[in-house]
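Residue numbers (UniProt numbering): 1 to 162. Note that the Cβ used here is the ideal one computed from N, Cα and C, for glycine as well. Note that the coordinates shown come from a computational prediction; the quantities given were computed from them, not determined experimentally. Inspection log for the structure reproduced underneath, given as structure tokens.
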Amino acid sequence: MSTTQKIVPCLWFNGNAEAAAEFYVSLLPDSRIDRILKSPTDTPSVPAGMVLTVEFTLAGMQYMGLNGGSQFPFTEAVSFQIYCDDQPEVDRLWAAIAEGGSEIACGWVKDRWGVPWQIVPRRLIELINDPDVDRARRAQEAMMQMVKIDIATIERAADGIS
């Protein structure tokens, strides 16, 4: 991987790094598979000739997927946030990531490999950072009741409209 990034996150998969990377790069612009390394020898997680690592770029940032085995599953301790400009983008990404995965709460969703994502409308961040503390509180309280974020509902709540 030729990179100008000082840090490249490595995601540990159980034999499906290539499928996950292909899915991820289909979601966002400026995304692509950069390189696939097949193991030249047997390893504890993959036999010789099978995909060991997948280097990919996701929205301009480089990542590596490693087929490392089943001993380290993903948890919510690390998640990926996708900032969205509008409700159609929220809806599209939510539907794609939730398919085969699980919806959690407050904009969190796990994909079919167990990777946690947060689908975050930029408007939500604006509203919960509003200088009017009551407006910000109402927006956050509305968000806390949601699974997938609905921008219009949060705007109405911020405005004090039921």
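Determine the extent of the beta strand (DSSP E) in which residue i is found, giving its start and end residues.
{"i": "Thr57", "result": "Val51 to Leu58"}
{"i": "Ile33", "result": "Arg32 to Lys38"}
In this structure, how does DSSP classify residue i when only helix, strand and coil are distinguished?
{"i": "Gln62", "result": "strand"}
{"i": "Ser26", "result": "helix"}
{"i": "Ile82", "result": "strand"}
{"i": "Pro73", "result": "coil"}
{"i": "Val90", "result": "helix"}
{"i": "Gln145", "result": "coil"}
{"i": "Ile109", "result": "For the sequence presented, residue 109 should be read as Val rather than Ile. Of the three classes helix, strand and coil, the one that applies to Val109 here is strand, per DSSP."}
{"i": "Ile128", "result": "helix"}
{"i": "Gln118", "result": "strand"}
{"i": "Glu103", "result": "strand"}
Thinking C-alpha only, which one of the options is nearest residue i?
{"i": "Thr4", "options": "Ile125, Glu99 and Met61", "result": "Met61"}
{"i": "Pro88", "options": "Gly15, Ala152 and Asn16", "result": "Ala152"}
{"i": "Leu66", "options": "Ile125, Ser162, Gln118 and Leu11", "result": "Leu11"}
{"i": "residue 168", "options": "Met50, Ala136, Gly100 and Lys148", "result": "No information on residue 168 is available, as it lies outside the stretch 1 to 162 that the chain covers here."}
{"i": "Ser79", "options": "Asp34, Gln118 and Ala98", "result": "Gln118"}
Answer with buried or exposed for residue i, where buried requires no fewer than 16 other C-beta atoms within 10 angstroms of its C-beta.
{"i": "Thr53", "result": "buried"}
{"i": "Pro116", "result": "buried"}
{"i": "Pro131", "result": "exposed"}
{"i": "residue 205", "result": "Nothing can be reported for residue 205: it is not among the residues displayed for the chain, which extend from 1 to 162."}
{"i": "Asn129", "result": "exposed"}
{"i": "Lys110", "result": "buried"}
{"i": "Cys84", "result": "buried"}
{"i": "Ile82", "result": "buried"}
{"i": "Thr57", "result": "buried"}
{"i": "Ala48", "result": "exposed"}
{"i": "Phe72", "result": "exposed"}
Alpha helix (DSSP H) containing residue i: first to last residue?
{"i": "Ile151", "result": "Ile151 to Ala158"}
Should the segment 104-111 be regarded as contacting the segment 137-155, the criterion being three or more beta carbon pairs within less than 8 Å?
yes
Do the segment 131-142 and the segment 154-162 touch if we need at least three Cβ pairs shorter than 8 Å?
yes
Would you check if the segment 30-46 and the segment 86-95 touch, i.e. whether three or more CB-CB distances between them fall below 8 Å?
no
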